[in-house]
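Residues are numbered in our numbering as their position in the sequence shown, beginning at 1, plus a constant of 61.
Ideal Cβ placement from N, Cα and C applies to all residues, glycine included.
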Amino acid sequence: MKFFGRKRASVTLVRAWCSPFGEDGPAGELLALVDQVLGSLSAQPLQGVINHGYSQEMSSLRRALAKMKPAQLDALTVRDEADEVICSFGAEGASVGDRARAFEIFALLPPAADAAQEKLLRLLMRHQMHYGYARALGPDFSPESETAIRRGFFNNTIEVDGGRADWLVPEMDVRAGAVRGLYPVNVFSAIGLARLAGSGLRLPSSAPALGDQLWRPTVIERAELLRLNPGYRGFLHFGDD
62 MKFFGRKRAS
72 VTLVRAWCSP
82 FGEDGPAGEL
92 LALVDQVLGS
102 LSAQPLQGVI
112 NHGYSQEMSS
122 LRRALAKMKP
132 AQLDALTVRD
142 EADEVICSFG
152 AEGASVGDRA
162 RAFEIFALLP
172 PAADAAQEKL
182 LRLLMRHQMH
192 YGYARALGPD
202 FSPESETAIR
212 RGFFNNTIEV
222 DGGRADWLVP
232 EMDVRAGAVR
242 GLYPVNVFSA
252 IGLARLAGSG
262 LRLPSSAPAL
272 GDQLWRPTVI
282 ERAELLRLNP
292 GYRGFLHFGD
302 D
């Protein structure tokens, strides 16, 4: 699909952190959620990797996932025919060893997929979401890391990811209220909203007062956020960069 290849103008991504599985989640529960997320995407999944193992065709991958209990998963990546990562699940490092682990869930959508991104976020909100957002990214940014791609010698690309040290609320465990910034679509937990209020960022009076709501700032709200927070513009991601 050309919009996932090198010539794409932009992509839309959804990123969310959830604890979707109980401590003794049965086999089949993991595959069911993966299928739900993949079913929300327009790209065709071709192959994937479980727990940093070898690449498998989707039929083989699904059979393996069907036998796995959620507690056995550390990482999953799924790629399309253009070899782009279109979906990934990753156990949070800060929650390794916990009975109900948090997972970072990433999904890649076509440009301007407003309805699809909102639908996917609402789906993930039913799975104990701690934090989530959706945004557009231009061709000079890596969708996976959301950082600028630097061009090296011979047109090689170098991705630079600063981790969570440069987040607005830089908690290593997202369940403690970590917030990366503000985006065109946002979902905050109650603790995330409390940490956001203490970060120094000033929110408009119309911003959500309760957690677990999908907030899409209006044009007026975006303008007010930019006006109220001149020193926080690096955390206000309302464009495609």
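Boundaries around Arg196 are those of the beta strand (DSSP E), Met190 to Leu198, since no alpha helix (DSSP H) includes it.
Measuring C-alpha to C-alpha distances from Met186 to each of Phe249, His113 and Arg283 identifies Phe249 as the nearest.
When only Cα atoms are considered, Leu126 and Ile111 end up about 8 Å apart. The beta carbon of Ile252 sits closer than 6 Å to the beta carbons of Gly238 from its chain, once the five residues preceding and following it are set aside; these are given in chain order. Pro200 and Ile210 have their C-alpha atoms some 9 Å from each other.
Cβ contact annotation for Ser116 (same chain, cutoff 6 Å, sequence separation greater than five): Gln108 and Val110, in chain order. Under the 8 Å Cβ criterion, the segment 99 to 107 does not count as touching the segment 228 to 246, having fewer than three qualifying pairs.
Taking Arg294 as the centre and dropping the five residues before and after it, the same chain places the C-beta of Leu287 closer than 8 Å to its C-beta, in chain order. Here Pro245 is not near Arg183, since their CB atoms are 8 Å or more apart.
Straight across, the Cα-Cα distance linking Leu254 with Val95 is about 28 Å. A direct Cα-to-Cα measurement between Leu92 and Pro171 gives close to 24 Å. Secondary structure of Phe299 (DSSP, three-state): coil. Residues of the same chain with a CB within less than 6 Å of the CB of Gly242, apart from the 5 flanking positions on each side, are Leu229, Phe296 and His298 in chain order. Spatial neighbours of Ala174 in its own chain (CB-CB distance under 6 Å, excluding positions within 5 residues in sequence) are listed in chain order as Thr73. Excluding residues up to 5 positions away in sequence, Leu229, Val230 and Val240 lie with their Cβ nearer than 8 Å to the Cβ of Ser260 in the same chain. Looking from the CA of Ile281, the closest CA among Glu145, Pro265 and Phe82 belongs to Pro265.
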